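Colleague:
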Amino acid sequence: MATVQGALHTFLHLRMVDGLDEATVFQITASSSLLALSLSVLMKRRVHEFFLYSHRAATVVLIIGLWEHVRTMATLSRVLLIGAFGTFLLSTIFQNARQIYKNCAWGTRGVRLAHISQIRTYDDSPIVELKLSRPWKIQPGDYIYLCVLTPKCYSFLQRHPFIITWWEDVHGTDKTQIIYVMLDPQRGWTKSVTKHASLFENKMAWLDGPFGQSNCLEQHGTVVLFASGNGIFAQLPLMKGLVVGSRSAAVKTRRIKLIWQTDKYHAQLQEWIQSVLDDERLDKELLDISIHKPANSLESGAIDHLRTSKIHSMGRRVRIIDDVPDVAEYIQRELKEPRESVAVTVSGHQQLRHEVRRQVLLTKCYNVRFYELEYQRGYVDGHKGGMAA
Ligand SMILES: Cc1cc2nc3c(=O)[nH]c(=O)nc-3n(C[C@H](O)[C@H](O)[C@H](O)COP(=O)(O)OP(=O)(O)OC[C@H]3O[C@@H](n4cnc5c(N)ncnc54)[C@H](O)[C@@H]3O)c2cc1C
9 MATVQGALHT FLHLRMVDGL DEATVFQITA SSSLLALSLS VLMKRRVHEF
59 FLYSHRAATV VLIIGLWEHV RTMATLSRVL LIGAFGTFLL STIFQNARQI
109 YKNCAWGTRG VRLAHISQIR TYDDSPIVEL KLSRPWKIQP GDYIYLCVLT
159 PKCYSFLQRH PFIITWWEDV HGTDKTQIIY VMLDPQRGWT KSVTKHASLF
209 ENKMAWLDGP FGQSNCLEQH GTVVLFASGN GIFAQLPLMK GLVVGSRSAA
259 VKTRRIKLIW QTDKYHAQLQ EWIQSVLDDE RLDKELLDIS IHKPANSLES
309 GAIDHLRTSK IHSMGRRVRI IDDVPDVAEY IQRELKEPRE SVAVTVSGHQ
359 QLRHEVRRQV LLTKCYNVRF YELEYQRGYV DGHKGGMAA
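So the number in the numbering used here is just where the residue sits in the sequence shown, counting from 1, plus 8.
Here it is, written out as structure tokens:
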């Protein structure tokens, strides 16, 4: 809206004036940088670092252009601009002060920062264990921007967002000092960490956050979590948060169904999921997990026709299914027993996202809410037919 208003203002002004005076040149500069700011979002996904620095440069040009444009004008214009800039400056100072407080703790040996205490790699996915300098309160679904303070791979110049997939509370409090982020290696920095994990261990880190959208899942009687591949990074903390909340009756949720399509289920994820399942205080009906491993049906090859079932139970609450999930069936099943309202969340590959969104729309029920989580990656895979269990 600001870009459209700025462009319109410049266009109308240019039609009224004959030549280009200094104020008009700066007006054009400010409008162009505003336009560049809006358009730069288009390249965010492709060239992230370039987006980051060009965004900052355009902001500086915008501020200078605007100031030079209104400098010779009526006092009110200048006061308004100074007011807007002052508010921006104050909120930036406040945010930075908050971040400094969250990152730095003062001990006997001076300032202490967060650091990477360990990196373990499972199935090519590194799990980074971060020890915070002071305890933080984490909301399930939160993410941080991680900047590792080392010259290796120009890490100190980069900050990447990662979901806090797991955390350990400081005994007897609701705060945490150890958080875990899981990396899905891409082509850049995450690939370097995967290849040279040992170079990053014990290095200090600067964390921004925690940030996160509040989905208010705890307000829903039933929560259905769909994930594929590494989408579990984002769904696991939600599952953990709801289970912990239900123990203290702090949430309305009475049923959680996790449907996860994957071909990897490594030891660390198994351990974390098991630790949630092992809780003896857990209501029998509360949690139910279906893990879909379509690759299993391919692996079995020639003997496939001999298999009597594609569904295998692992204990009372976990089923392994050798097929892709039947999204429609899963949603319909949960709707048969509506507990006031149903929340459906998804984090995974594109086809799964489309399918879940489509099926939620098809229910035409006012009490079903759909949430696409902020982290959406994962391998691309076919999604037709499938099973539910
Ligand atoms: C809210 C949020 C939570 C995320 N959580 C996780 C997580 O838990 N685990 C995980 O593995 N990944 C997560 N990601 C994605 C992760 O941030 C990127 O995969 C990572 O930054 C890629 O770094 P790279 O240099 O290896 O990427 P490249 O190979 O250079 O690029 C791969 C992709 O990542 C994007 N990207 C690159 N740098 C950044 C950056 N600084 N910020 C945002 N996107 C970037 C690029 O635009 C491109 O689309 C999350 C992203 C968001 C927005």
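C-beta: ideal position from N, C-alpha, C; glycine also. Fair warning: this is a prediction, and the values are worked out from it, not measured in the lab.
#1: Using a 10 Å radius around the Cβ and a threshold of 16 neighbouring Cβ atoms, would you call Trp114 buried or exposed?
#2: So, is Tyr151 buried or exposed, given that buried needs 16 or more other C-beta atoms within 10 angstroms?
#3: What residues in its chain sit with their C-beta under 6 Å from that of Cys155, if we drop five residues either side in the sequence?
#4: So, does the region 130–143 touch the region 195–205, judging by three or more C-beta pairs under 8 Å?
#5: Have a look at Ser349, Gln340, Pro333, Ile264 and flag the residue whose alpha-carbon is nearest the alpha-carbon of Arg325.
#6: Val350: which of Ile329, Gly73, Lys372, Leu121 sits nearest, CA to CA?
#7: If we require 4 or more residues per run, which alpha helix (DSSP H) segments fall completely within the region 81–165?
#8: In angstroms, rounded to a whole number, what distance separates the CA positions of Ile101 and Leu294?
#9: Tell me which same chain residues have a C-beta within less than 7 Å of the C-beta of Gly27, skipping the five on either side of it?
#10: Can you give me the Cβ contacts of Ile171 inside the same chain, cut-off strictly under 6 Å, excluding the 5 residues immediately before and after it?
#11: Compute the minimum distance between the beta carbon of Glu57 and the heavy atoms of ligand 2, and state whether it is under 8 Å.
#12: Suppose contacts are defined by Cβ-Cβ distances below 9 Å. Is Leu43 in contact with Gly14 by that definition?
#13: Using C-beta distances below 8 Å, list every residue in its chain close to Gly229, excluding the 5 sequence neighbours before and after it, in chain order.
#14: Does DSSP classify Thr251 as helix, strand or coil?
#15: Is Glu382 near ligand 1, judged by its Cβ being under 8 Å from some heavy atom?
#16: Taking the alpha-carbon of Lys183 as reference, which of Tyr273, Arg64, Thr11, Ser141 has the nearest alpha-carbon?
#17: Between Tyr61 and Ala275, how many whole angstroms is the CB-CB distance? I'm expecting something under 8 Å.
#18: By the three-class DSSP mapping on this structure, what secondary structure does His313 have?
#19: Leaving out five residues on either side along the sequence, give the residues of the same chain with a beta carbon under 7 Å from the beta carbon of Ser41.
#20: Would DSSP call Ala15 helix, strand or coil?
#21: Leaving aside the five residues before and after His63 along the sequence, list all residues of the same chain whose C-beta is less than 8 Å from its C-beta, in chain order.
Modeller: Quick look at the numbers:
#1: To locate residue 114, count along the sequence shown from 1; it is residue 106. Classification for Trp114: exposed.
#2: Counting from 1 along the sequence shown, the entry for residue 151 is found at position 143. Counting the other CB atoms within 10 Å of its CB gives Tyr151 a total of 16 or more, which places it among the buried residues.
#3: The residue given as residue 155 occupies position 147 in the sequence shown. Non-local C-beta neighbours of Cys155 in its own chain, meaning closer than 6 Å and more than five positions away in sequence, comprise Arg167, Trp214, ordered along the chain.
#4: The region 130–143 is in contact with the region 195–205.
#5: For the purposes of this step, residue 325 is identified with residue 317 of the sequence shown, where counting begins at 1. The option with the nearest alpha carbon to Arg325 is Ile264.
#6: Here residue 350 refers to the residue found at position 342 when the sequence shown is read from its first residue. If we check each option's Cα against that of Val350, Lys372 comes out closest.
#7: Runs of the alpha helix (DSSP H) inside the region 81–165: 83–111.
#8: Looking up residue 101 in the sequence shown gives position 93. Looking up residue 294 in the sequence shown gives position 286. Near 44 Å, if we compare the C-alpha coordinates of Leu294 and Ile101.
#9: Numbered from its first residue, the sequence shown carries residue 27 at position 19. Once the five neighbours on either side are set aside, Gly27 has no close Cβ partner at all.
#10: For the purposes of this step, residue 171 is identified with residue 163 of the sequence shown, where counting begins at 1. The beta carbon of Ile171 is closer than 6 Å to those of Tyr151, Phe241, Ala242, Tyr383 in its chain, skipping five residues each way along the sequence.
#11: Because ligand 2 does not appear in the structure shown, any question about it cannot be addressed here, the ligands present being ligand 1.
#12: Within the sequence shown, the letter at position 35 stands for residue 43. Within the sequence shown, the letter at position 6 stands for residue 14. Result yes, Cβ atoms of Leu43 and Gly14 sit closer than 9 Å.
#13: For this step, residue 229 is matched to residue 221 along the sequence shown. Closer than 8 Å at the Cβ level, and outside the excluded window around Gly229, lie Lys260, Thr261, Arg262, Arg263, Pro346, Arg347, Glu348, Ser349, Val350.
#14: One-based indexing of the sequence shown puts residue 251 at position 243. The amino acid occupying residue 251 in the given sequence is Val; Thr does not appear at that position. Looking at Val251 - three-state DSSP - the assignment turns out to be helix.
#15: Indexing the sequence shown from 1 puts residue 382 at position 374. The answer is yes for Glu382.
#16: Taking the sequence shown and counting its residues from 1, one reaches residue 183 at position 175. When each option's Cα is compared against that of Lys183, the closest is Ser141.
#17: The residue you call residue 61 lines up with position 53 of the sequence shown. The residue you call residue 275 lines up with position 267 of the sequence shown. Their Cβ separation, rounded to whole angstroms, is 40 Å, which puts Tyr61 and Ala275 out of contact at 8 Å.
#18: As a working note, residue 313 is residue 305 in the sequence shown. At His313, the pLDDT of 48 sits below 50, so the modelled position is not reliable and the matter cannot be decided from this model.
#19: As a first step, residue 41 must be located in the sequence shown, where it is residue number 33. The residues Ala66, Val69, Leu70, Gly73, in chain order, have a CB closer than 7 Å to that of Ser41 in the same chain once the five nearest residues on each side in sequence are set aside.
#20: Taking the sequence shown and counting its residues from 1, the one referred to as residue 15 is at position 7. In the structure shown, Ala15 sits in a helix (DSSP, three-state: H, G or I).
#21: Working through the sequence shown from its first residue, we reach residue 63 at position 55. Once the five neighbours on either side are set aside, the close Cβ partners of His63 are Leu45, Ser48.
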